[in-house]
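What follows is a single structure, written as structure tokens, with notes after it.
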Amino acid sequence: MVTFVVGVVAFSVFVLAKVFGGASPEEAKPAPVVEARHTVPPRVIRTTVAKVLEVRAVAASPEQIVLVVATPAGCAQKLQAAAYAEGPGAVAVRVTQRTFRTGCRWVQQPVLATAKAPIADRTLIVNGSPWTLSAAGGTYLPALTPDSGDNRRQAAGR
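Under the working numbering, the first residue of the sequence shown is numbered 1, with each subsequent residue one higher.
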């Protein structure tokens, strides 16, 4: 009987030690510290606004325009143009690209934007800058240029 009681007590101590975190000498050794180093810098991808150089209407489709933008060759992806707001007098278009590196050579690349209704004589607002249809038709010109005689700038200087 004494042997049985000693066995039950020893077993209870063993179970309690495992439940409440008692560690054996083998488990007490700390794990070796391993130092990790990046040999390649992490790739940071940013969505940026593309610089629009030229805007042209598509003759076959009155709802579409072609935007010629400056984009870094080999350093950008997902160049896209989206008409995000339309009204009776204007169409707002945002042209973006995802860039992941700097110091690349710039190239011109066309991108197509489609409105819900024909653009006709509506003003285009491309990345916040207004563009209007030229008198010759088919091409758009920036509405606000330094030599356009913007009355707000002249009034501010008085």
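Ideal placement from N, C-alpha and C gives every residue a C-beta, glycine not left out.
Just so it is clear, the structure is predicted and the values come from calculations on it, not from any experiment.
query	result
Alpha carbon to alpha carbon, how far is Pro72 from Val107? Give it in angstroms, no decimals.	6 Å
In chain order, what residues of the same chain have a beta carbon less than 7 Å from the beta carbon of Leu53, not counting five sequence neighbours either side?	Val68, Val69, Ala70 and Gln108
Check for me: the alpha helix (DSSP H) holding Ser129 runs from which residue to which?	Premise fails: Ser129 lies in the beta strand (DSSP E), Ser129 to Leu133, not in any alpha helix (DSSP H).
State the start and end residues of the unbroken alpha helix (DSSP H) segment that holds Leu16.	Val2 to Val19
Beta strand (DSSP E) containing Lys116: first to last residue?	Taken as a continuous stretch (DSSP letters only), Lys116 belongs to no beta strand (DSSP E), as it is neither H nor E.
DSSP on Ile65, reduced to helix/strand/coil?	strand
At the level of alpha carbons, what is the spacing between Val161 and Val9?	The chain is shown only over 1 to 158; residue 161 falls outside these bounds and no answer can be derived.
Are the Cβ atoms of Val66 and Pro110 separated by less than 8 Å?	yes
Verify whether the separation of the beta carbon atoms of Ala164 and Ala82 is less than 8 Å.	Residue 164 lies beyond the range of the chain shown here (1 to 158); nothing can be said about it.
Evaluate Val119 with the Cβ neighbour count: other Cβ atoms within 10 Å of its Cβ, from every protein chain shown; 16 or more gives buried, anything less gives exposed.	Reading the sequence as shown, one finds Ile at residue 119 and not Val. Buried, since its Cβ has 16 or more Cβ neighbours within 10 Å.
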